[in-house]
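This report concerns only the one structure given below.
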Amino acid sequence: MKIYHEDHPGPGTPLLLIAGLASDAVSYTFQVEPLNQHHRLLLCDNRGVGRSPKPPGPYTIEQMAQDILEFLPEEKVHILGHSMGGAIAQHLAAHHPERIGKLILACTQQRFQGRTMAIVESWAGLLKYNPEAALLGRSLFPWLYTQDFLDQPGNLQACIDALQAHPYRLEADAIAAQVAALKTFQPLAIKVPTLVLAADQDLLTTPANARQLYQSIPGSHFKVLENTGHSCMLQTPQAFNQAVLEYLNTSAG
-18 MKIYHEDHPG
-8 PGTPLLLIAG
2 LASDAVSYTF
12 QVEPLNQHHR
22 LLLCDNRGVG
32 RSPKPPGPYT
42 IEQMAQDILE
52 FLPEEKVHIL
62 GHSMGGAIAQ
72 HLAAHHPERI
82 GKLILACTQQ
92 RFQGRTMAIV
102 ESWAGLLKYN
112 PEAALLGRSL
122 FPWLYTQDFL
132 DQPGNLQACI
142 DALQAHPYRL
152 EADAIAAQVA
162 ALKTFQPLAI
172 KVPTLVLAAD
182 QDLLTTPANA
192 RQLYQSIPGS
202 HFKVLENTGH
212 SCMLQTPQAF
222 NQAVLEYLNT
232 SAG
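Shown next, in the form of structure tokens:
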């Protein structure tokens, strides 16, 4: 399937950014300019969201990985995947290691189950029951950002306003199809140079979940970002970008 993608020319090895559940390339707004100074950037909207097709589900992580393979350049690329995007990145690394330079797995895990699945399934159900963005936002954002951030006057409303203003509305059936992909995702053997990034106050992928993933990948690196939540690339973009660039710019994996 041909999905929407962007190519931002730049120096160095290309870097592909893969967004998470119900998210599109816009979720990397605060990464494009800083990272593009060092790398050619590739971004996309996964099937089911944004400007990409929204075929009937359920989807699989394998399908979404195949969508990405259709536009990847022939040269090696670095890949950064966040949350569900991290699952897609894991699939690419496990099945196409020759295409990958370095892998960064942010706020993601080996298997999505238990509380994580209960939460994301509730979002899909709420969206089907009531597509109003404000209602979804009040259910969504407390899981994505820290209490300190949301306690600051105006922050929650600013997040809700941004969701309401997003030009590409979420569709309930397509989000449910993405959730189904997470439900069937299984642990994979990864043998490419990898950094696992965790957020210390992540409620969806806890640091313990991320550490378990790190321990399953031989020779991988592990870093915890402080004072941030699941949407760390939006809440603390400077720290997120610094961690990404420091890893990509080291000579060793």
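Each residue of the sequence shown is one higher than the one before, counting from -18 in the numbering used here.
All C-beta atoms in this analysis are idealised placements derived from N, C-alpha and C, irrespective of residue type, glycine included.
Item to complete: Work out the CA separation of Asn190 and Asp181 for me, nearest whole Å.
Response: Locating residue 181 in the sequence shown gives position 200, counting from the first residue. Locating residue 190 in the sequence shown gives position 209, counting from the first residue. Spanning the two alpha carbons is a distance of roughly 11 Å.
Item to complete: Report the rounded CA-to-CA distance for Lys204 versus Lys83, giving the unit in angstroms.
Response: Against the sequence shown, residue 204 aligns to sequence position 223. Against the sequence shown, residue 83 aligns to sequence position 102. So the two alpha carbons sit approximately 15 Å from each other.
Discussion item. Considering just the uninterrupted stretch of the alpha helix (DSSP H) at Asp132, what are its terminal residues?
Written reply: Here residue 132 corresponds to residue number 151 of the sequence shown, with the count starting at 1. Asp132 -> alpha helix (DSSP H) spans 128 to 132.
Worksheet item: Of the choices Leu24, Ala75, Leu184, whose alpha-carbon is the least far from that of His(-14)?
Response: Taking the first residue of the sequence shown as 1, we reach residue -14 at position 5. His(-14) has its Cα closest to that of Leu24, out of Leu24, Ala75, Leu184.
Practice prompt. Using the Cα positions of Arg96 and Thr165, report the straight-line distance between them to the nearest angstrom.
Written response: Counting from one through the sequence shown, the residue named residue 96 turns up at place 115. Counting from one through the sequence shown, the residue named residue 165 turns up at place 184. Roughly 15 Å separates the two Cα atoms.
Practice prompt. Quick one: give me the first and last residue of the alpha helix (DSSP H) that Val58 is part of.
Written response: Your numbering for residue 58 matches position 77 in the sequence shown. Val58 -> not in any alpha helix (DSSP H); beta strand (DSSP E) instead, spanning 58 to 63.
Discussion item. Is it buried or exposed, His147, if we count other Cβ atoms within 10 angstroms and call 16 or more buried?
Written reply: For the purposes of this step, residue 147 is identified with residue 166 of the sequence shown, where counting begins at 1. The residue is exposed, with fewer than 16 neighbouring Cβ atoms inside 10 Å.
Worksheet entry | Beta-carbon proximity check, Ala158 vs Gly31, cutoff 8 Å | As a position in the sequence shown, residue 158 is number 177, starting the count at 1. As a position in the sequence shown, residue 31 is number 50, starting the count at 1. In this structure, Gly31 does not lie closer than 8 Å to Ala158 by Cβ.
Worksheet item: For Ala87, which residues does DSSP report across the bridge?
Response: Against the sequence shown, residue 87 aligns to sequence position 106. Answer by DSSP bridge pairing, in chain order: His63, Leu178.
Worksheet item: Using 8 Å as the threshold, is the region 60 to 75 in touch with the region -18 to 0, meaning 3 or more CB pairs across them?
Response: yes
Fill in: Nearest-angstrom beta carbon gap, Gln91 and Ser197 [assumed within contact, 8 Å]
Here residue 197 corresponds to residue number 216 of the sequence shown, with the count starting at 1. Here residue 91 corresponds to residue number 110 of the sequence shown, with the count starting at 1. Sure, about 6 Å apart at Cβ, within 8 Å.
Discussion item. Given a cut-off of 8 Å on the beta-carbon distance, is the pair Leu194 and Leu86 in contact?
Written reply: Counting from one through the sequence shown, the residue named residue 194 turns up at place 213. Counting from one through the sequence shown, the residue named residue 86 turns up at place 105. For Leu194 and Leu86, yes; Cβs fall inside 8 Å.
Fill in: Nearest-angstrom beta carbon gap, Ile42 and His72 [assumed within contact, 8 Å]
Position 91 of the sequence shown, counted from the start, is the residue given in the question as residue 72. Position 61 of the sequence shown, counted from the start, is the residue given in the question as residue 42. Confirmed, about 5 Å.
Item to complete: Would you give the residue range spanned by the beta strand (DSSP E) that Ile(-1) belongs to?
Response: What you label residue -1 is simply residue 18 of the sequence shown in a count that begins at 1. Its beta strand (DSSP E) spans residues -4 to -1.
Item to complete: Output the distance between the C-alpha atoms of His202 and Thr89, rounded to the nearest integer angstrom.
Response: Against the sequence shown, residue 202 aligns to sequence position 221. Against the sequence shown, residue 89 aligns to sequence position 108. If you take the alpha carbons of His202 and Thr89, they lie about 14 Å apart.
Item to complete: Pick helix, strand or coil for Glu14, following the three-state DSSP scheme.
Response: On the sequence shown, residue 14 is found 33 positions in, with the first residue counted as 1. DSSP places Glu14 in helix when its eight states are reduced to three.
Worksheet item: How long is the line joining the alpha carbons of Val13 and Ala220, rounded to whole angstroms?
Response: The residue you call residue 13 lines up with position 32 of the sequence shown. The residue you call residue 220 lines up with position 239 of the sequence shown. Each residue's Cα considered, the two are about 14 Å apart.
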